[in-house]
Amino acid sequence: MSRHRLAAVFTATLLVAAGCGGTTKDNQSSSTDTQTSAAADPNAKLKEGLKIAYLPKQLNNPYSDVETSGGEEAVKELKGEYKKVGPNDASASSQVSYINTLIQQQQDVIVVAANDPNAVCPSLNQARAAKIKVVTFDSDANKTCRDAFINQATTEGIGQSLAKMALEQAGGSGDIAVLSATPNATNQNAWIEVMKTELAKPEYSKLKLVKIAYGNDDDQKSFQEAQGLLQSYPNLKVIVAPTTVGIAAAARYISSSSYKGKVQVTGLGLPNQMRQYVKDGTVKKFALWNPADIGYLAAYAGAALASGQITGAEGDKFTAGKLGPYTIGKDGEIVLGPPTEFTTDNIDKFNF
Ligand code: RAM
C-alpha cells in the first residue's frame, strides 16, 4: 500500500466518521477527477493479489449466491482475494455501513448491486477518493459514484421482453399487475419504466396495468402481495415479476390455488427455482441471463480498472476471461448479453 493511498484511506475514513462528503457537487467532481486523470493503458498487465469485495443487494437471495459464485471463480483466476459481505434485507440504506468497512479494510475493488441509486453514493465516492475502484453490477448506483456498471442485458431489452411475455400470456388483452422487488431498486424501476413505454404502444392497447406491488425481495412478503393482487383484482390475467424472489413466490402461491391455469405468472426467474412451476403448468415462459456471468464479468472489469487497463470511459476495451472481449459503452455501462427465455422445452438444459 502506497503512502498516498494510505493518506487517501485516512481522509476517506475521516469523511465517513464525520458523516459528510460525497453528496455535494464539489466532492463528487473531485473524486471523479482523481479517478479519471490517468489515461487507460490497454497493454497494462492485470495485477495479481487484488482485493475484490462483493456487496450484493442482500445475502439471503439465491440469485445473489449464483451471481457471486461467478465472481469468486473470476477472482481465483485473477489470483486475487475474494470477499463477500452484505445485508439480509434490500432496504435503501442497508449497504452503507458495509461500504464504510470495506474502505477501512483497503479493498482494491468494490463490486456492488445498489439497493438505492443515491443512498450508497456518499460512501462509494469516499471509497473512490481512497483509490478503490467501484463497479456496480445488477442494480446500478448513480453514475457519478461508480467507475463502471455491469448491466445483465440492455435495460430496454429486459423491459420490452417483460411487456411481450405479459402480452402473449394474457392472450392479447386483459388486466396485468407487476410484482416488483423494493420500491427503490434501480434495476426493477428502470425495467418497469420501459414496460410502461411499451404498454403505451398500440399493440398493447388492450392490456391494462392495474397495479405495481412490491414484495421487497422478501419471499413471505412477495407471497402475500401475490395473494393480495388476486383478491383485489379478480380479473387479473398475468402477474409479471421482474425479480427472481417475486416470480418464485407468485408461482408458489398460484400453483396451489384455484387460480392455477387461469392466472399466468411470468417475469425474471432462476431456472432451478422455477422448474417445478414450469413442469406443473403454472408458468409457461420467463426469462433471465446467467447471474454467475455478471459476477464473473464484474471481477474482470474491476481488475482492469485497478490495473489501469481501462478507466471506465466509453470505448475502453478489456478481456473478461472465458467471456471474451468487452467494450465499455455510454456512461460506463458494460452489457453482458441478451437474456434467455425459458419454457418447458429448454428449462432442463439450465442449472442455476
Ligand atoms: C432479484 C433481484 C435482482 C434482480 C433479479 C432478476 O433476485 O432483485 O436484483 O436482478 O431478481
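Read left to right, the sequence shown gives residues -17 to -1, 1 to 335 (mature numbering (1 follows the signal peptide of the UniProt record, and there is no 0)).
In this text, a Cβ means the ideal position worked out from N, Cα and C, and glycines have one as well.
Can you tell me whether I86 is helix, strand or coil according to DSSP?
In this structure, I86 counts as helix in the three-state DSSP scheme.
Short of 8 Å in beta carbon distance, which residues of its chain neighbour E324, apart from the five on each side in sequence? Order them along the chain.
For E324, where only same-chain residues beyond five positions count, the Cβ hits under 8 Å are S144, M148, K268, F269, A270.
When the distance is taken between beta carbons, is P274 closer than 8 Å to Y46?
It is a contact, given that the beta carbons lie within the stated cut-off.
Just to check my reading of the structure: V228 and S205 have Cβ atoms closer than 8 Å, yes? What is that Cβ distance to the nearest angstrom?
Their Cβ separation, rounded to whole angstroms, is 6 Å, which keeps V228 and S205 in contact under 8 Å.
Near K59, which residues of its chain fall below 8 Å by C-beta distance, leaving aside the five closest residues on each side in sequence?
Hits under 8 Å: Y65.
Could you tell me if P166 is buried or exposed, where buried requires 16 or more neighbouring beta carbons within 10 angstroms of its beta carbon?
So P166 counts as exposed.
Please tell me whether, using a cut-off of 7 Å, the distance from the CB of T294 to the nearest non-hydrogen atom of the ligand RAM is below it.
Checking every heavy atom of the ligand RAM against the Cβ of T294, none is found closer than 7 Å.
Please classify P25 as buried or exposed, where buried requires at least 16 other C-beta atoms within 10 Å of its C-beta.
With fewer than 16 other Cβ atoms within 10 Å, it is exposed.
Is the closest heavy atom of the ligand RAM to the C-beta of N44 under 7 Å?
Yes, since a heavy atom of the ligand RAM falls inside the 7 Å radius drawn around the Cβ of N44.
Pick from L319, A146, V117: whose alpha carbon is nearest that of S188?
Among L319, A146, V117, the Cα nearest to that of S188 is on A146.
Check whether the Cβ atoms of L33 and D91 sit closer than 8 Å, and answer yes or no.
Result yes, Cβ atoms of L33 and D91 sit closer than 8 Å.
Which residues in the same chain have their Cβ closer than 7 Å to the Cβ of N125, if we skip the five residues on either side of it in sequence?
Here the set comprises P100, N101, C104.
Taking the C-alpha atoms as reference points, what is the distance between Q207 and L85?
One C-alpha to the other measures close to 36 Å.
T226: beta carbon under 7 Å from a heavy atom of the ligand RAM?
Checking the Cβ of T226 against the ligand RAM gives yes.
Can you tell me whether DSSP reads K30 as helix, strand or coil?
Three-state DSSP puts K30 in coil, outside helix and strand.
Taking the straight line between their C-alpha atoms, what separation do you get for D123 and G285?
Those two C-alpha atoms are separated by around 15 Å.
Can at least three beta-carbon pairs, one atom from the stretch 310 to 321 and one from the stretch 129 to 145, be found at a separation below 8 Å?
Taking 8 Å as the limit for Cβ pairs, the verdict is that the stretch 129 to 145 does touch the stretch 310 to 321.
Using a threshold of 7 Å, is the CB atom of Q90 nearer than that to any non-hydrogen atom of the ligand RAM?
Every heavy atom of the ligand RAM is 7 Å or more from the Cβ of Q90, so no.
Can you name, in chain order, every residue of its own chain whose Cβ lies under 8 Å from the Cβ of L107, other than the five neighbours on each side?
Taken in chain order, the residues that qualify are G5, I82, I93, V95, V117, A124, C128, R129.
Looking only at its own chain, which residues have a Cβ that is under 7 Å from the Cβ of D276, when we skip the five neighbours before and after it?
Excluding residues within five positions, the ones whose Cβ falls inside 7 Å are G53, L306, L319.
Measuring alpha carbon to alpha carbon, tell me which of Q203, T138, G291, A57 ends up nearest A282.
Residue A57 is the option with its Cα nearest to A282.
With a 10 Å radius around its C-beta and 16 neighbouring C-beta atoms as the bar for buried, classify D201 as buried or exposed.
Looking at its Cβ environment, which holds 16 or more other Cβ atoms inside 10 Å, D201 is buried.
Distance check for D314 and D16, CA to CA, integer angstroms please.
Legend: pLDDT at D16 = 38, less than 50; position of this residue unreliable, value from coordinates given subsequently. Cα to Cα, the separation comes out at about 15 Å.
Let's test the definition: count the other Cβ atoms within 10 Å of the Cβ of D121 and tell me whether it reaches 16, buried, or not, exposed.
Result: buried.
Do you know whose CA, among I230, F335, L213, G63, lies nearest Q171's CA?
When each option's Cα is compared against that of Q171, the closest is I230.
Less than 7 Å separating the Cβ of D48 from some heavy atom of the ligand RAM?
The answer is no for D48.
Less than 8 Å separating the beta-carbons of residue 342 and V49?
Since the displayed the chain opens at -17 and closes at 335, residue 342 lies outside it and no answer follows.
Give me the DSSP bridge partner(s) of E316.
BP columns for E316 point to F132.
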